[in-house]
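Using the UniProt record's numbering, the first residue of the sequence shown is number 1, and each one after it goes up by one. What follows is a short report on a single structure.
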Amino acid sequence: MLIVAGLATMVAGSSALAADPRHPIVQSFGAITPMPTAKERPDPTLRYRVLFSVTKAPASPDQVNPNLEKVARFVNLLGADGIRPLPGDVAVVIHGPATPLVMNDAAYAERMKTRTNPNLPLIAALQSAGVSVRVCSQALAGNKIDAASVEKTVEIDVSALTTMATLQLRGWALIPD
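As structure tokens, this is what we get:
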């Protein structure tokens, strides 16, 4: 009887550790609704090399940027069909009014009058899933953001324009916000 109870506990515990079907790759962000009967699905024979352009600021500086969260949703949609892009094959370039979202907590809080930068946990989750997070240096200058204020894990590209052109010429798909 003790063995049966132990096995039941192990089974219950392992189901709690199973992947969350709403967040198969990027945990806590980009929730999806699994739809096993959907017709058009991600193709497991393709190499997904996708660049997201994020330019719009959220409605309020204390909110996660919804266009940045769309990147997490995309990765989770692929993950729901068993596709895990190679590290760096999904990238996001941040520019325009969205640029402040890459600032470290202290700089963001001072500039935006918030306690913290709500986007940093999402950026960390995306990077843990292999997403390359980049910011346009021209947008940093235009928004008067010092490069030292950028979260240390975010790459600074010479410009969003050249990044988007270069990656598209290399065969990447561009998803604008």
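For each residue, glycine too, the CB sits at the ideal point set by N, CA and C.
Exercise. When the Cα of V102 is compared with those of A141, G88, P61 and E151, which residue comes out closest?
Worked result: E151
Exercise. Skipping 5 residues on each side, what residues in its chain have a beta carbon closer than 7 Å to that of V4?
Worked result: Unreliable positioning characterises V4 in this predicted model, as indicated by a pLDDT of 41, which lies under 50. The coordinate reading is nonetheless provided below. Result list for V4: empty, nothing under 7 Å.
Exercise. Thinking C-beta only, is V154 closer than 8 Å to I175?
Worked result: no
Exercise. If we count Cβ pairs, one from each stretch, closer than 8 Å, do we get three or more for the stretch 156-168 versus the stretch 125-133?
Worked result: no
Exercise. Across which residues does DSSP place E155 in a beta bridge pair?
Worked result: R134
Exercise. Should R170 go down as buried or exposed, given a rule of 16 or more other Cβ atoms within 10 Å for buried?
Worked result: exposed
For this session: Within its chain, find whatever has a CB closer than 7 Å to the CB of D105; leave out the 5 residues flanking it on each side and keep chain order.
Result: T116, N117 and L120
Exercise. By how many angstroms is the C-alpha of F52 removed from the C-alpha of L161?
Worked result: 12 Å
For this session: To the nearest angstrom, report how far apart A98 and A141 are at their CA atoms.
Result: 13 Å
Exercise. In three-state terms, what does DSSP make of A173?
Worked result: strand
For this session: Measure the beta-carbon distance from G96 to T55 and round it to whole angstroms, keeping in mind my assumption that it falls under 8 Å.
Result: 4 Å
Exercise. Which partner residues of M164 appear in the DSSP bridge assignment?
Worked result: The partner list for M164 (beta bridge, DSSP) is empty, contrary to what the question assumes.
Exercise. Thinking just about the alpha-carbon of each residue, which of W172, V50 and D146 is nearest to the one in A107?
Worked result: D146
Problem set entry | Spatial distance of T25 from N65 (CA atoms) | In the sequence under discussion, the amino acid at residue 25 is Ile, which differs from the Thr named in the question. Those two C-alpha atoms are separated by around 19 Å.
Problem set entry | Where the alpha helix (DSSP H) through V71 begins and ends | P66 to A80
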